[in-house]
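Visitor: Those sequence lines, one after another, are chains A and B.
So for the first sequence, numbering that gives the first Met the number 0 puts the first residue at 0; every next one is plus one.
So for the second sequence, numbering that gives the first Met the number 0 puts the first residue at 0; every next one is plus one.
Don't be surprised by glycine CBs; every beta carbon is placed ideally from N, CA and C.
All of these numbers come straight from a predicted model, not from anything done at the bench.
Encoded as structure tokens, here's the structure I'll be asking about.
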Amino acid sequence: MIDFVLSCQHESGGFGAAPGHDAHMLYTVSAVQILATIDAVAELDLRGKAGQEQVGKYIAGLQNRETGSFAGDEWGETDTRFLFGAFNALSLLHLLSLIDVPKAVAHVQACANFDGGYGVSPGAESHAGQIYTCVGALAIAGRLDLVDRDRLGGWLSERQLPNGGLNGRPEKLEDVCYSWWVMSSLVMIDRLRWIDGDKLVQFILRCQDPERGGIADRPGDMVDVFHTVFGIAGLSLLSFPGLEAVDPIYCMPKAITSRILSK
Amino acid sequence: MASHGMPKGSGVQPTTDQDRRKELQKIKDYKALVDSVNSQIQEHQYTAETLELTSKLLRLNPEYYTIWNHRRHTMQHLFKGPGSSERSKEQDHDAIVNLISDDLAFLLPLLRKFPKCYWIWNYRLWLLKVSTRLLPAAEARKFWQQELVLAGKMLSLDSRNFHGWGYRRTVVQALESTELSTQEPISRMAEQEFEYTTQMINSNLSNFSAWHTRSKLIPRLLDERGADNEARRRFLDEELELIQRALWAGSEDQSLWFYHQYLMSNFDPKCARNSMVPDLTTDERSKYIAQEFDRVHEMLDGAEDCKWIYQSLIHLSKLHKSFTAEWPAKADLVRQWIDELLRLDPLRAGRWNDLNSDLENW
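Printed below as a string of structure tokens:
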């Protein structure tokens, strides 16, 4: 697995989705998360095309120093997903000092809306996925004091529908992946008790494929890795028996993030 | 990657040999196409032919982001024109206009087929930004102007499309920028966009995207109108009327209640800085809240099972108490309303219990 991850790296320090694909923030963050999970970050310095410091520099290079925001790659798409990705990977690498954290935090604040949520960029509608990225970034920066917890918690709790599942915006359908985006945010602002955990567990379990395994977006749909990850991570947040505790900020096992972040 | 809303079994394996052969041939053709695009790029063949190859590939797989980047590199070379340029400035200019027009046209059917694919929207924005950089403002402006029509079309197909709303906002921002301005003063579009949200709301009240956009446009709109305090009060009154009418039509609609909550924040002294009417007196605030309280309370008649009404009454009571130290109605009613919430909305019992225990701190 380490060989494959390293084969996606470029000399710039960034990673692509697969060998031969261009470097991009999203895949660079995934690479760091994978290496961190299997305790192989040091391999970057031993046999990567670029070492840890250079990976950090690639990510830091995507920050707009004027607005604090982050682009996905050299072509300039800007989105709070990339800002969170940068915070996530750089904190795992202990390289947050490479970026302007206060500016980035100010950018997140500029993305806040009247409902307490956050969007992809200033002016954009609140969306549970973007809320996860913004609250996650604030959590890593130690600035959760900036969140209007009751207002945001209220909006997030309204994502739960009578069937137990969660949606990502008002009047949308439920989907297992929001079990992660909504719930992790609720945990970070200490409002998980504002939704019905038992009903959500039942909903996630109904999305399983009982024959071939895996979890789908909704009961009866096709399963995939994406929804299986967020379904299981969601169940872990709900203390489902037999699962390891997941870190609500990083979506990685808590034992691993504790080991890395306490270094 | 992720299969959203795909029924189980919709991606089943081919059953007959013939199906399987067809499937294998498709994969073989796809792989050959990927190889030929990549080898063209490796050899720096940034030609019209390469562009066509990327078109073919992207029609099959628009999620292959590296191919979009290859296409950008190719376009950048084509914009420069033949190396020893014998073309005049005008010819250059025409060539760029044609390249951009053709490329925008190539993207249209892809957007229609994959309206939620980030890479297509990104590429399109990149192309438009190139037009701003390479062309005179009047020419580039034409391209951006057309995009407003496109955003409108996409939103008429799916009025909640996240990309559509975001795209519209970006296009408006560009049209308002100095780079694209062809006149003085620079055109301001808050008025027009506000009108657009009204249209969207009129055709469907449950459009949270439109209500949200409205909340973002209002402060700008009032500034651009140079609205004085009187005009601001009138505007606020109109918004209150609008939301009341909407609530009577759809009291179970959470979009409306969120917008109502936003309007109520205008009366919160803590939010005075962002209020539509920043100079409200304490007396005015409490009168407004009392008026809204009565209106919402009236809705209860015949809608005793609508949890949003109780939520709003509690919220208004709390707000009133926070700066007047008085309840708008009898205090013991709040506990009754919390009981109603527990009865009507057990999913969020934890929230209502927290509210109950917090009551003493109000």
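Which bits of chain A does Leu57 of chain B rub up against, with CB to CB less than 7 Å?
Guide: Your numbering for residue 57 of chain B matches position 58 in the second sequence. Under the 7 Å cutoff, chain A gives no residues; its nearest Cβ is about 14 Å from Leu57 of chain B.
Visitor: Any Cβ of chain A within less than 9 Å of the Cβ of Gln260 of chain B?
Guide: The sequence position of residue 260 of chain B within the second sequence is 261, counting from 1. Yes, contact with chain A.
Visitor: Below 7 Å on C-beta distance, what does Ala1 of chain B contact in chain A?
Guide: On the second sequence, residue 1 of chain B is found 2 positions in, with the first residue counted as 1. Ordered by position in chain A, the residues that pass the 7 Å Cβ test against Ala1 of chain B are Asp223, Phe225, His226.
Visitor: Do Leu221 of chain B and Ile242 of chain B have their beta-carbon atoms positioned less than 9 Å apart in this structure?
Guide: Numbered from 1 along the second sequence, position 243 holds the residue referred to as residue 242 of chain B. Numbered from 1 along the second sequence, position 222 holds the residue referred to as residue 221 of chain B. Contact: no.
Visitor: Exposed or buried, what is Gly4 of chain B when buried is set at 16 or more other beta-carbons lying within 10 Å of its beta-carbon?
Guide: Working through the second sequence from its first residue, we reach residue 4 of chain B at position 5. Flag for Gly4 of chain B reads exposed.
Visitor: Specify, as a first and last residue, the run of the alpha helix (DSSP H) that Glu238 of chain B falls within.
Guide: Locating residue 238 of chain B in the second sequence gives position 239, where the first residue counts as 1. Run containing Glu238 of chain B: 228–248, per the alpha helix (DSSP H) assignment.
Visitor: Are the CB atoms of Trp307 of chain B and Trp351 of chain B nearer to each other than 9 Å?
Guide: Walking along the second sequence from the start, residue 307 of chain B turns up at place 308. Walking along the second sequence from the start, residue 351 of chain B turns up at place 352. No, the Cβ-Cβ distance between Trp307 of chain B and Trp351 of chain B is not below 9 Å.
Visitor: Please confirm whether Asn206 of chain B and Ser254 of chain B have their CB atoms less than 9 Å apart.
Guide: Translated into the one-based positions of the second sequence, residue 206 of chain B becomes position 207. Translated into the one-based positions of the second sequence, residue 254 of chain B becomes position 255. It is a contact, given that the beta carbons lie within the stated cut-off.
Visitor: I'd like to know whether the C-beta of Ala105 of chain A is nearer than 9 Å to at least one C-beta of chain B.
Guide: Taking the first residue of the first sequence as 1, we reach residue 105 of chain A at position 106. It does not: the Cβ of Ala105 of chain A has no partner Cβ on chain B nearer than 9 Å.
Visitor: Would you list the one or two residues that DSSP bridges to Asp144 of chain A?
Guide: By one-based count along the first sequence, residue 144 of chain A stands at place 145. DSSP lists no partner for Asp144 of chain A.
Visitor: Which residues bound the alpha helix (DSSP H) around Asn355 of chain B?
Guide: To locate residue 355 of chain B, count along the second sequence from 1; it is residue 356. Element bounds for Asn355 of chain B: 348–357.
Visitor: Could you confirm whether any beta carbon from chain B is found closer than 9 Å to the beta carbon of Val146 of chain A?
Guide: Along the first sequence, read from residue 1 onward, the residue named residue 146 of chain A stands at position 147. Judged by the 9 Å Cβ criterion, Val146 of chain A is not in contact with chain B.
Visitor: Name the chain B residues whose beta carbon is nearer than 8 Å to that of Gly15 of chain A?
Guide: One-based indexing of the first sequence puts residue 15 of chain A at position 16. Neighbours of Gly15 of chain A on chain B, chain order: Thr65.
Visitor: What's the gap between the Cα of Gly19 of chain A and the Cα of Glu42 of chain B?
Guide: Along the first sequence, one-based indexing puts residue 19 of chain A at 20. Along the second sequence, one-based indexing puts residue 42 of chain B at 43. Distance between the alpha carbons of Gly19 of chain A and Glu42 of chain B is about 15 Å.
Visitor: Just checking: is the beta-carbon of Cys133 of chain A within a distance shorter than 9 Å of some beta-carbon in chain B?
Guide: Your numbering for residue 133 of chain A matches position 134 in the first sequence. No, its Cβ sits nowhere closer than 9 Å to a Cβ of chain B.
Visitor: Determine the contact status of Asn60 of chain B and Asp72 of chain A, defining contact as a CB-CB distance below 9 Å.
Guide: The residue given as residue 60 of chain B occupies position 61 in the second sequence. The residue given as residue 72 of chain A occupies position 73 in the first sequence. No.
Visitor: Which complete alpha helix (DSSP H) runs does the segment 97–129 of chain A hold, if anything under 4 residues is left out?
Guide: For the segment 97–129 of chain A, whole alpha helix (DSSP H) runs of length 4 or above, ordered along the chain, are 100–109.
Visitor: Checking 9 Å against the spacing of the C-beta atoms, do Val104 of chain A and Gly163 of chain A come in under that value?
Guide: If you number the first sequence from 1, residue 104 of chain A lands on position 105. If you number the first sequence from 1, residue 163 of chain A lands on position 164. It is not a contact, given that the beta carbons lie outside the stated cut-off.
Visitor: Take Val31 of chain A and list the residues in its own chain whose beta-carbon comes closer than 6 Å to its own, dropping the five residues that flank it on each side.
Guide: Here residue 31 of chain A is taken as the residue at index 32 of the first sequence, counted from 1. Correct list, in chain order: Ala88, Leu91.
Visitor: Check the Cβ-Cβ distances between Arg217 of chain A and every residue of chain B, and say whether any is below 9 Å.
Guide: In the first sequence, the residue the question calls residue 217 of chain A occupies position 218. Yes, contact with chain B.
Visitor: Less than 6 Å between C-beta atoms, sequence neighbours within five positions excluded: which residues of the same chain meet that for Ser214 of chain B?
Guide: Within the second sequence, the letter at position 215 stands for residue 214 of chain B. Closer than 6 Å at the Cβ level, and outside the excluded window around Ser214 of chain B, lie Tyr261.
Visitor: Just mark Leu45 of chain A as buried or exposed, buried being the case when its beta carbon has 16 or more other beta carbons within 10 Å.
Guide: Taking the first residue of the first sequence as 1, we reach residue 45 of chain A at position 46. The residue is exposed, with fewer than 16 neighbouring Cβ atoms inside 10 Å.
Visitor: Using the C-alpha atoms, what's the distance from Phe3 of chain A back to Ala17 of chain A?
Guide: As a working mapping, residue 17 of chain A is identified with position 18 in the first sequence. As a working mapping, residue 3 of chain A is identified with position 4 in the first sequence. Taking the straight line joining both Cα atoms gives about 8 Å.
Visitor: Let me know the secondary structure DSSP gives Phe14 of chain A once reduced to three states.
Guide: As a first step, residue 14 of chain A is located in the first sequence; it is residue number 15 there, counting from the start. Residue state, collapsed to three classes: strand.
Visitor: Can you look up Leu134 of chain B in the DSSP assignment and give me helix, strand or coil?
Guide: Here residue 134 of chain B refers to the residue found at position 135 when the second sequence is read from its first residue. Here Leu134 of chain B sits in coil by DSSP.
Visitor: Assign Leu334 of chain B to one of two classes, buried (16 or more other C-beta atoms within 10 Å of its C-beta) or exposed (fewer than that).
Guide: Reading the second sequence from its first residue, position 335 is the one you call residue 334 of chain B. Here residue 334 of chain B is Arg; the residue named in the question, Leu, does not match the sequence. It is exposed - the Cβ of Arg334 of chain B has fewer than 16 other Cβ atoms within 10 Å.
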